[in-house]
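Going by my numbering, the sequence shown opens with residue 33, and the numbers climb by one from there.
Here the structure is laid out as structure tokens; the discussion comes afterwards.
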Amino acid sequence: MVTPQIPRNGKAAPTTAPKAAADPERVIPAARAWLGTPYHDQASLCGVGCDCLGLARGVWREVVGPEPFPIPPYSRDWGETGPREVLAEGARRMMIEVSPAEAGPGALVLFRMKARAIAKHVGILTGPATFLHAYERLGVIEEPLTQAWRRRIAFAFLFPQR
Numbered sequence: 033m034v035t036p037q038i039p040r041n042g043k044a045a046p047t048t049a050p051k052a053a054a055d056p057e058r059v060i061p062a063a064r065a066w067l068g069t070p071y072h073d074q075a076s077l078c079g080v081g082c083d084c085l086g087l088a089r090g091v092w093r094e095v096v097g098p099e100p101f102p103i104p105p106y107s108r109d110w111g112e113t114g115p116r117e118v119l120a121e122g123a124r125r126m127m128i129e130v131s132p133a134e135a136g137p138g139a140l141v142l143f144r145m146k147a148r149a150i151a152k153h154v155g156i157l158t159g160p161a162t163f164l165h166a167y168e169r170l171g172v173i174e175e176p177l178t179q180a181w182r183r184r185i186a187f188a189f190l191f192p193q194r
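Structure, rendered in structure tokens:
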């Protein structure tokens, strides 16, 4: 909800009310519907192909609705250059950020795959110790959230309600 606020300078400045989070009972089945989808760079078609971002985009479409903006083409090594947290910045524009420690089932998590690198892998928590993601050569899989994966979580977000 956008409410115009009139500051002392007389110009209206929109403010956004906090978003309500989508029910994990909607998010998790929507994510699990993608299990077995082959890995394919830049794709986002359930049962046909997706990468980790494409999986998140597909779950967004199912849980929230149409994607709010188009994703520009990106190279496989996009995260190897530049210091900007591109995925986190994009997620902040439309999702509800929570601390990784507070993230529970249904949360979208961003992984930092190398120390001092930007977060460039996406997964969705499906339980307290499991997550689902699209992984090269394996496609969309659900696996244990081991300590090795857990320590790589850099950011966490909740899907908003439709």
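Every residue, glycine too, gets a C-beta built ideally from N, C-alpha and C.
Q | Simplified DSSP state of Ala-75, which is helix, strand or coil | A | Coil.
Q. Expressed to the nearest angstrom, what Euclidean distance is found between the alpha-carbon atoms of Met-145 and Gly-138?
A. Rounded to whole angstroms, the gap between the alpha carbons of Met-145 and Gly-138 is 21 Å.
**Q.** Residue ranges of each beta strand (DSSP E) within the segment 102-142, 3 or longer
**A.** DSSP runs (the beta strand (DSSP E)) wholly in the segment 102-142: 128-130.
Q) First and last residue of the beta strand (DSSP E) that includes Leu-195? A) The question about residue 195 has no answer, for the chain in this structure spans 33 to 194.
Q: To the nearest angstrom, report how far apart Arg-184 and Gly-155 are at their CA atoms.
A: In a straight line, the C-alpha of Arg-184 is about 11 Å away from that of Gly-155.
(Q) Shorter than 7 Å, the distance from the beta carbon of Pro-102 to the closest heavy atom of the ligand FMN, or not? (A) With respect to the ligand FMN, the structure shown offers nothing to examine, as it has no ligands at all.
Q | Bridge partners - Leu-190, DSSP secondary structure assignment | A | The partner list for Leu-190 (beta bridge, DSSP) reads Ile-128.
Q | Cutoff 8 Å; reference Asn-41; Cβ partners in own chain excluding five residues on either side | A | At Asn-41, the pLDDT of 40 sits below 50, so the modelled position is not reliable; the number obtained from the coordinates is stated separately. Here the set comprises nothing.
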